[in-house]
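K.L.:
In this note's numbering, the protein residues as written are 15 to 83.
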């Protein structure tokens, strides 16, 4: 598979929280940081995502917003 996105973060699925329609999937990266993705429950099921599975978070964004108190 070839993608135009250049921000690919490899890791391991460390947690999955299933809702009725949506799910959150936590991916632990090699340095211990985590990335959380909100995807459909159907996608979790169709992709066979399970805790302990290797996965890649691919980030494609037009903007990043930071807030500081």
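For each residue, glycine too, the CB sits at the ideal point set by N, CA and C. As the structure is a computational prediction, the values presented were derived from the model and not from experiment.
Starting from residue 52, follow its DSSP beta bridges and name the residues at the other end.
P.N.:
38
K.L.:
Beta strand (DSSP E) containing residue 25: first to last residue?
P.N.:
21-32
K.L.:
Give the range of the beta strand (DSSP E) segment to which residue 75 is assigned.
P.N.:
Note, residue 75: premise wrong, no beta strand (DSSP E); not H, not E.
K.L.:
Closest by CA to residue 55, which one among 65, 67, 77, 38?
P.N.:
38
K.L.:
Name the one or two DSSP bridge partners that residue 43 has.
P.N.:
25
K.L.:
If we ignore side chains and look at the alpha-carbon of each, how far apart do residue 35 and residue 51 end up?
P.N.:
14 Å
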